[in-house]
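As structure tokens, the structure follows; a few thoughts come after it.
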Amino acid sequence: MSVDEVDKVLIGFLDAQRSRALEIVAGLDDEQLRKPVLPSAWTVLGMIEHLGHAERHWFQDVALGSAEQLPWADDPDEDEDGPYMSSRPAEVVFAFYRDQVERANAVLASTPLSTPPRGRHNQGDADQVADLRFIVLHMLEETARHLGHLDAARELLDGRVGLGQDDL
Numbered sequence: 238m239s240v241d242e243v244d245k246v247l248i249g250f251l252d253a254q255r256s257r258a259l260e261i262v263a264g265l266d267d268e269q270l271r272k273p274v275l276p277s278a279w280t281v282l283g284m285i286e287h288l289g290h291a292e293r294h295w296f297q298d299v300a301l302g303s304a305e306q307l308p309w310a311d312d313p314d315e316d317e318d319g320p321y322m323s324s325r326p327a328e329v330v331f332a333f334y335r336d337q338v339e340r341a342n343a344v345l346a347s348t349p350l351s352t353p354p355r356g357r358h359n360q361g362d363a364d365q366v367a368d369l370r371f372i373v374l375h376m377l378e379e380t381a382r383h384l385g386h387l388d389a390a391r392e393l394l395d396g397r398v399g400l401g402q403d404d405l
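Here it is, written out as structure tokens:
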């Protein structure tokens, strides 16, 4: 497989993970979206918002060096390290996540994965971010990890399991 083919596969896997996040939580009502069910106290809606912020941070702040303004004012009481909760309307959070995925996909469509980032991730693994390919791999890991959380939360909320299964 060529590097270009591998890059297309990586992006395809990332898109599949993103779709699964929405499939896992589809059909939950507002009360379920906001109910913490795991000891960490995050909510399903908060996790979807967190995934949107992760897309924004990695593909805009880090890859491009700047990000579009958030559609809402920063919340000074919000803790970036969790628990992930959201007071915003569910439709706003889901629209935010979809918008961030679209923006990330625009970056991926116009930028080779070998491109070094123009911005910086200011945490422990900052020096590892060599190129856009690393960002894709990181977001694959980040999204997949949180899909496990969403799966567990869904099962605890209504007993449903196996949602968002892949056909790979």
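Here our numbering runs 237 ahead of the position in the sequence shown, where the first position is 1. C-beta atoms are modelled at their ideal positions from N, C-alpha and C, and glycine is treated no differently. These numbers were taken from a predicted model, which means no experiment stands behind them.
Open item on the list: Taking only three categories from DSSP, how would you classify H358?
Closed with: Note: H358 maps to coil in three-state DSSP.
Task: When E392, R391, S347 are compared against F296, the one with the closest alpha-carbon - done: Distances from the alpha-carbon of F296 to those of E392, R391, S347 put S347 closest.
Task: Cβ-based burial, M284 [other Cβ within 10 Å; buried from 16] - done: With 16 or more Cβ atoms within 10 Å of its Cβ, M284 is classed as buried.
Open item on the list: Could you compute how far the alpha carbon of Q365 sits from the alpha carbon of F371?
Closed with: Straight-line Cα distance between these residues: approximately 8 angstroms.
Task: Inter-stretch contact at 8 angstroms, needing at least 3 Cβ pairs: the stretch 277 to 292 / the stretch 370 to 386 - done: Result yes; three or more Cβ-Cβ pairs closer than 8 angstroms.
TODO: Could you check the C-alpha separation between L247 and L270 for me, to the nearest Å?
DONE: Rounded to the nearest angstrom, the two C-alpha atoms are 30 angstroms apart.
- [ ] Report yes if the CB atom of A390 is closer than 7 angstroms to the CB atom of V274, and no otherwise.
- [x] In contact: A390 and V274 (Cβ atoms closer than 7 angstroms).
Task: Extent of the continuous alpha helix (DSSP H) to which A253 belongs - done: Segment 240 to 262, the alpha helix (DSSP H) holding A253.
Task: Three-state class that DSSP yields for M322 in the structure shown - done: If DSSP states are grouped into helix, strand and coil, M322 belongs with coil.
Open item on the list: Could you compute how far the alpha carbon of L369 sits from the alpha carbon of L265?
Closed with: The straight-line gap separating the alpha-carbon atoms of L369 and L265 is approximately 34 angstroms.
- [ ] Tell whether a beta-carbon distance below 7 angstroms holds between V330 and S324.
- [x] The answer is no: Cβ separation not under 7 angstroms.
TODO: Within its chain, find whatever has a CB closer than 7 angstroms to the CB of L301; leave out the 5 residues flanking it on each side and keep chain order.
DONE: If we look at L301 and ignore the five residues flanking it on each side, its Cβ neighbours are V344, R355, G356.
- [ ] State the DSSP-derived secondary structure class of T352, mapped to helix, strand or coil.
- [x] DSSP places T352 in coil when its eight states are reduced to three.
- [ ] Assign Q254 to one of two classes, buried (16 or more other C-beta atoms within 10 Å of its C-beta) or exposed (fewer than that).
- [x] It is buried - the Cβ of Q254 has at least 16 other Cβ atoms within 10 Å.
Open item on the list: Once the 5 residues before and after T280 are set aside, which same chain residues still bring their CB inside 6 angstroms of it?
Closed with: If we look at T280 and ignore the five residues flanking it on each side, its Cβ neighbours are R271, P273, M322.
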